[in-house]
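Take a look at the structure below.
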Amino acid sequence: IKKIGVLTSGGDAPGMNAAVRAVVRASIYYGIDVFGIYKGYDGLINGNMEQLYVRSVSNILSRGGTFLLSARSKEFRTKEGRAKAYENFKANGLDALVVIGGDGSFTGADIFSQEFDVPVIGIPGTIDNDLSGTDFTIGYDTACNTAREAIDKIRDTASSHERLFFVEVMGRDAGFIALNSAIGGGAVAMIVPEHNWSIDALISRLKKGAANQKASNVVIVAEGCHLGSSYDIAEKVKEHIPHYDIRVSVLGHLQRGGSPTTLDRVLASRMGVAAVEGLREGQSKVMVGVINNKISYTPIGEAIKTIKRLDDDEFRIAKILSI
Ligand code: F6P
Numbered sequence: 005i006k007k008i009g010v011l012t013s014g015g016d017a018p019g020m021n022a023a024v025r026a027v028v029r030a031s032i033y034y035g036i037d038v039f040g041i042y043k044g045y046d047g048l049i050n051g052n053m054e055q056l057y058v059r060s061v062s063n064i065l066s067r068g069g070t071f072l073l074s075a076r077s078k079e080f081r082t083k084e085g086r087a088k089a090y091e092n093f094k095a096n097g098l099d100a101l102v103v104i105g106g107d108g109s110f111t112g113a114d115i116f117s118q119e120f121d122v123p124v125i126g127i128p129g130t131i132d133n134d135l136s137g138t139d140f141t142i143g144y145d146t147a148c149n150t151a152r153e154a155i156d157k158i159r160d161t162a163s164s165h166e167r168l169f170f171v172e173v174m175g176r177d178a179g180f181i182a183l184n185s186a187i188g189g190g191a192v193a194m195i196v197p198e199h200n201w202s203i204d205a206l207i208s209r210l211k212k213g214a215a216n217q218k219a220s221n222v223v224i225v226a227e228g229c230h231l232g233s234s235y236d237i238a239e240k241v242k243e244h245i246p247h248y249d250i251r252v253s254v255l256g257h258l259q260r261g262g263s264p265t266t267l268d269r270v271l272a273s274r275m276g277v278a279a280v281e282g283l284r285e286g287q288s289k290v291m292v293g294v295i296n297n298k299i300s301y302t303p304i305g306e307a308i309k310t311i312k313r314l315d316d317d318e319f320r321i322a323k324i325l326s327i
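One gets UniProt numbering by counting positions in the sequence shown from 1 and adding 4 to each.
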């Protein structure tokens, strides 16, 4: 491997910059040239790339977002788009590709690497934490901290006014951010796609809390949950307990920004170096992960197809502590 390309794709995540920095510096350390590809796969299709050097990645470790820019490329989903990408890949003399992104980006990476037999390595960068083959994805810890900080603030005003708040967090179809925020933020309940909770069960939990003189009530709702949006749920609860003063807060994209936590910076740095070292050792079509604090490589196809489960024990703990 003499020359590699690196890109960030899909929804951005805090720590992506740290991962790019690690890929660039590890490549140079091992005598490999490295090209930064801009705007995800679109940059590969349009030949929007340039060589990066040690100083090209100075002062980005602490910055959220991705300086390479990101996109959810529609063209790369077509055979023609991928063929154009391969032409540019060859024309620029690239030998391998490092893709930093989530499951959508890895689906593209998997198809591309099989179609053209190109060495590809994935680095999991998504706030959703919904990829198997790693305990945590880059950006998840920062997003959880951001959500928890917001919940702390909401709790202040919730208790002053004795209100019930529904706080909606991101996560697409997964409830990782919700579960983590519920424990870290001390929620009375959480509604996640992975568990089949009903409105009735939620109401009886709330009534129990009221009977136990619970001072403030914050319910965390995962955006992908089966009971609808946080507004829908709030409305249904209001029908059953009309005397509750209810408010809804959707945290939205603020969960995607901000300076990455130390945990995310270290995770991204480890994974970036491991991606380059993996390519040197002949790894391909795999995703780098950290499992039980050890670097591991999982076939990309497996990482995107296996559904990652919420930790049962964390779920149990959230329930015990919400009484
Ligand atoms: O995958 C990251 C994520 O932030 C999800 O949590 C959310 O569902 C989605 O991206 C939002 O996508 P967009 O930024 O395109 O609105």
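All C-beta atoms, glycine included, are put in the ideal place defined by N, C-alpha and C. Keep in mind it's a predicted model, so treat the numbers as computed, not measured.
Range of the contiguous beta strand (DSSP E) that encloses residue i
| i | result |
| --- | --- |
| E54 | M53 to L56 |
| residue 3 | Past the edges of the chain, shown from 5 to 327, lies residue 3, and the structure says nothing about it. |
| K7 | K7 to T12 |
| residue 4 | The displayed coordinates of the chain run from 5 to 327. Any statement about residue 4 would go beyond what the structure contains. |
| V226 | First, the residue type needs correcting, since residue 226 is Ala and not Val in the sequence shown. Counting along the chain, the beta strand (DSSP E) containing A226 begins and ends at N221 to A226. |
| A193 | A193 to I195 |
| E172 | L168 to V173 |
Close Cβ partners of residue i (< 8 Å) along its chain, the five nearest in sequence each way excluded
| i | result |
| --- | --- |
| G213 | V192, N221, S326 and I327 |
| L271 | G19, F140, I142, D145 and V294 |
| S263 | P18, S66, R67, G68 and T146 |
Contact check, residue i vs residue j, beta carbons under 8 Å
| i | j | result |
| --- | --- | --- |
| G143 | P303 | no |
| R25 | I64 | yes |
| C229 | I195 | yes |
| E318 | I187 | yes |
| I115 | A23 | no |
| Y45 | G126 | no |
| L183 | A322 | yes |
| D160 | G189 | no |
| R152 | S185 | yes |
| V124 | K309 | no |
| D37 | R167 | no |
| I181 | F169 | no |
| D99 | K6 | yes |
| V280 | V27 | yes |
| E91 | G85 | no |
| F71 | N21 | yes |
| S74 | D16 | yes |
Buried or exposed (CB count within 10 angstroms, at least 16 for buried), residue i
| i | result |
| --- | --- |
| Q259 | buried |
| A205 | exposed |
| S13 | buried |
| E172 | buried |
| G35 | exposed |
| T150 | buried |
| E227 | buried |
| Y235 | exposed |
| G179 | buried |
| T311 | Note that residue 311 is Ile in the sequence shown here, rather than Thr. Result: exposed. |
| P128 | buried |
| D109 | The residue you asked about is not Asp; residue 109 is Ser in the sequence shown. The residue in question, S109, is buried, as its Cβ has 16 or more Cβ neighbours within 10 Å. |
| I224 | buried |
| R269 | buried |
| E119 | exposed |
| S164 | exposed |
| D316 | exposed |
| N133 | buried |
| I237 | buried |
| G256 | exposed |
| T82 | exposed |
| A87 | exposed |
| A89 | buried |
Beta-carbon proximity list for residue i, same chain, < 7 Å, skipping 5 on both sides
| i | result |
| --- | --- |
| R29 | V58 and V61 |
| R53 | Going by the sequence as given, residue 53 is Met instead of Arg. Hits under 7 Å: G9, F39, G40, I41, Y42, G47 and N96. |
| A278 | V292 and I299 |
| H244 | I207 |
| R251 | R167 and F169 |
Own chain residues within Cβ distance below 6 Å of residue i, not counting five before or after
| i | result |
| --- | --- |
| G106 | G14 and T130 |
| G137 | M291, G293, T302 and A307 |
| Q55 | F39 |
| V241 | none |
| D177 | P197 and G228 |
| residue 401 | The chain is shown only over 5 to 327; residue 401 falls outside these bounds and no answer can be derived. |
| G51 | N92 |
| G261 | G68 |
Residue range of the alpha helix (DSSP H) that includes residue i
| i | result |
| --- | --- |
| I304 | I304 to K309 |
| M20 | M20 to Y33 |
| G69 | From DSSP, G69 is part of no alpha helix (DSSP H); its letter is neither H nor E. |
| A186 | F180 to G189 |
| E318 | D316 to L325 |
| S208 | I203 to A215 |
| D46 | Y45 to N50 |
Which residue spans inside the region 72-157 form an unbroken beta strand (DSSP E) run of at least 3? 100-105 and 124-128
Tell me the start and end of each unbroken beta strand (DSSP E) in the region 232-284 that is at least 3 residues and wholly inside, in chain order. 250-254
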